[in-house]
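Let me begin by presenting the structure, written as structure tokens, before commenting on it.
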Amino acid sequence: MAKAKTVFLNQQEMDLIHAQSVKSLQEIGIKVHSKPVLEILEKNGASVDYNAMVARIPE
């Protein structure tokens, strides 16, 4: 029995989504409600704002 192949996005569209996701993590960051997790992220290169509890993740 043949299986149908469903394609939702082409490679260019997937690359654009990836690039914008990375940009969002770098510029906007992610809210983290755990100081120990923020500390781990900071030790691994993230820029952390402890008052806002936001980590900005470099590429």
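Going by my numbering, the letters in the sequence shown line up with residues 262 to 320, in that order. Just so you know, even glycine gets a beta-carbon here, dropped at the ideal spot from N, CA and C. Only a predicted model underlies this, so the values are computations on that prediction, with no experimental measurement involved.
Check your understanding: Nearest-angstrom Cα distance between Val283 and Lys264?
Key -> 34 Å
Practice item. Could you check how far apart the C-beta atoms of Pro319 and Gly306 are, in whole angstroms? I think they sit under 8 Å. Key: 5 Å
Exercise for review: Would you mind listing the beta strand (DSSP E) stretches within the segment 265-319 that are 3+ residues and don't spill past its ends, in chain order?
Suggested key: 308-310 and 315-317
Practice item. Have a look at Met262, Ile278 and Met314 and flag the residue whose alpha-carbon is nearest the alpha-carbon of Ile291. Key: Met314
Check your understanding: What's the gap between the Cα of Ser295 and the Cα of Ala280?
Key -> 27 Å
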